[in-house]
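Please read the structure below before turning to the comments.
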Amino acid sequence: GGNVGIGTDSPDTPLDVRKNDSTTTPILTLRQLGSGDASINFQTTTSPYGFNLGVDGSDSDAFKIAVGLGDIGTDTALKIDTSKNATFAGDVAIEKSGSAVLSIYSTDTGSVSSEKTFLKFYGENTAAAKKLQAQITSSPGHNASTAGELRFYTNNSSDTITERMIIREDGNVGIGDTTPTSKLTILGTSTAASNTP
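Numbering (our numbering), first residue to last: 8 to 204.
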């Protein structure tokens, strides 16, 4: 029928590659011996519909996926570097029926009140440089490692990430105060405005 089998004499698809053992060696290796990218094109028609995936040799061998069969070096939609960091060029959406859950988990237990950064927000400054503008961190509560608190930071005019607000495990909120002892503690000048006539 035109199907080709490697490791099988009854291939089910145009190219059917099988490895019948429990070793950790790859089942298939594609290697670029020159200076270019090692990539695979997936197409739905002869027109450029599909995507291109492979390893970008000019970017520390990062694995990349490019849309529209574009070049994996310049049209990257997803990049995973050798440190396992993932970068998306477009929006990331979670869509499903019922609850849509995004879980961020750190296996570093640390100690009580050991702070961990889970979300970072970047933007460009006037020199078109990537700058950290704000971040949200979490840590076990001050009283027990089973509790949790949230801390909010912004970048100040001296280019220093500075804590601005904390929600502690007991529900106390501090603005300018990292150890609030009441439901709301504000350090510094506070102004309340009202639109009530």
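Ideal Cβ placement from N, Cα and C applies to all residues, glycine included.
#1: Please state the DSSP three-state secondary structure of residue 175.
#2: Between the region 38 to 55 and the region 18 to 30, are three or more C-beta pairs nearer than 8 Å?
#3: What span of residues does the beta strand (DSSP E) with residue 158 cover, start to end?
#4: Which of helix, strand or coil does DSSP assign to residue 183?
#5: Let me confirm a value: residue 72 is counted as buried when at least 16 other C-beta atoms fall within 10 Å, else exposed. Which label applies?
#6: Excluding the 5 residues flanking residue 161 on each side, which residues of the same chain have their C-beta closer than 8 Å to its C-beta?
#7: Looking only at C-alpha atoms, which of 22, 202, 200, 148 sits nearest to residue 187?
#8: By the 10 Å Cβ neighbour count, where 16 or more other Cβ atoms means buried, how is residue 16 classified, buried or exposed?
#9: Check for me: the beta strand (DSSP E) holding residue 131 runs from which residue to which?
#10: How many whole angstroms separate the CB atoms of residue 113 and residue 123, which I take to be in contact at a CB cut-off of 8 Å?
#11: Can you tell which of 202, 176, 57 has the C-alpha that lies nearest to the C-alpha of residue 84?
#12: Beta-carbon within less than 7 Å of residue 49's beta-carbon, same chain only, minus the 5 sequence neighbours each way: which residues are those?
#13: Where are the alpha helix (DSSP H) runs, 4 residues long or more, that stay fully inside the region 62 to 124, in chain order?
Checking against the coordinates, here is how it stands:
#1: coil
#2: no
#3: 156 to 162
#4: coil
#5: buried
#6: 140, 141, 168, 169, 171
#7: 148
#8: exposed
#9: 123 to 131
#10: 5 Å
#11: 57
#12: 57, 58
#13: none
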